[in-house]
Amino acid sequence: MAAGNVKSIFVSHMEDECMIEIAKVEADSTESTKIHDLSNIQSATSTRPSLHLLSDRKSHREICVPLQKVALNGDIEAAIRLLEMDASVVCAAITEGCETILHVATGARQTKFLAKKVKLMKPEHLTLQDENGNTALCFAAAVGAVQIAEIVLDKNPSLLMIRGCKNMTPLYVGSLFGRKEMTSFLYYKSRKELTADDRKFIFFTSINTGLYGKLTYISRKI
């Protein structure tokens, strides 16, 4: 395959659906999220956040929108005040895409904010997935936030192999977005648990994103 050619068939089909969706919380937008009728959506499972705040217009206006803003800005004190109003927001979706406060803060790279937030959470709270199946670790992989990845993995190591959009591991997400440091970090952490298919996909993706050869350890092992 010639250099600069189209992306690998293993990843090209999911870019429109996943890449924008994973990275969209990086934008610091204060525009209110449009409310949709969520009455027919099934309540949260063990890996899905609760939708109770999104189904009520008042809760959305008074809790979800402010939480999105404080997470994007890393305002720890404001977040604590909102959490005191309703402790259930820890495991609740606060955006139309079913992201939690953890997803939003991770996408915005608010490391200090997230570190304090994670201390208040149970390990299982970190496994909550957005509407595309992405955990906060998938978001961290997409934006290259290695410190945040370290924080959430210290709390819950099982996040390494919880697959997100299109059945991608966090490592796959990091390599897809060309995050050199993140890819190296996640490969070292998860290398013993990768399947043959995982290694194949990482190989092709790292070539397409220009990582292959730059990450010597991965280049030798994949």
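Here the sequence shown is numbered in numbering that gives the first Met the number 0, starting from 0 and rising by one per residue.
Using N, Cα and C, we set each Cβ at its ideal position, and we do this for glycine too.
Here the structure is a predicted model, which means the values were calculated and not measured.
- Just checking, does the stretch 73-87 make contact with the stretch 124-141 on the three C-beta pairs under 8 angstroms criterion? Touching, no.
- Message: Going by DSSP in three states, A78 sits in which element: helix, strand or coil?
- Response: Under the three-state reduction of DSSP, A78 is assigned to helix.
- Please confirm whether P169 and L193 have their CB atoms less than 9 angstroms apart. In this structure, L193 does not lie closer than 9 angstroms to P169 by Cβ.
- Exposed or buried, which one is A104 when buried takes at least 16 other CB atoms within 10 Å? With a threshold of 16 other beta carbon atoms within 10 Å, A104 meets it and is buried.
- Query: Who are S49's beta bridge partners in DSSP?
  - Reply: According to DSSP, which records beta bridges pairwise, S49 is partnered with A91.
- Compute the Euclidean distance between the alpha carbons of L71 and Q109, then round it to the nearest angstrom. One C-alpha to the other measures close to 7 angstroms.
- Do L175 and T204 have their C-beta atoms closer together than 9 angstroms? Their beta carbons are under 9 angstroms apart, which means L175 touches T204 by this criterion.
- Continuous alpha helix (DSSP H) assignments of at least 4 residues falling wholly in the stretch 116-187: Taking only runs of at least 4 residues, the alpha helix (DSSP H) segments lying wholly in the stretch 116-187 are 135-142, 145-154 and 169-175.
- Message: I'd like to know if the stretch 89-106 and the stretch 57-70 are in contact, where contact means that at least 3 CB-CB pairs between them fall below 8 angstroms.
- Response: Judged by Cβ distances under 8 angstroms, the stretch 89-106 makes contact with the stretch 57-70, as three or more pairs qualify.
- Under 8 angstroms by Cβ, that's how I've got I147 and L113 pegged, so tell me the actual separation to the nearest angstrom. Your pair I147 and L113 checks out as a contact, with CB atoms roughly 6 angstroms apart and the cut at 8 angstroms.
- Query: If you follow the alpha helix (DSSP H) that A70 is part of, which residue opens it and which one closes it?
  - Reply: A70 -> alpha helix (DSSP H) spans V64 to N72.
- Message: Does R178 pass the burial test, meaning 16 or more other C-beta atoms within 10 Å, or should it be called exposed?
- Response: By the Cβ-count criterion, R178 is buried, with 16 or more other Cβ atoms from all chains shown falling within 10 Å of its own Cβ.
- Item | Per-residue DSSP class, three states only, for R56 | Three-state result, R56: helix.
- Selected residue, minimal CA-CA separation from G106, among L50, M160 and N133: G106 has its Cα closest to that of N133, out of L50, M160 and N133.
- Task: Assuming L53 and A86 form a contact by the criterion Cβ under 8 angstroms, report the distance between their Cβ atoms to the nearest whole angstrom.
- Result: Not a contact, Cβ separation roughly 17 angstroms.
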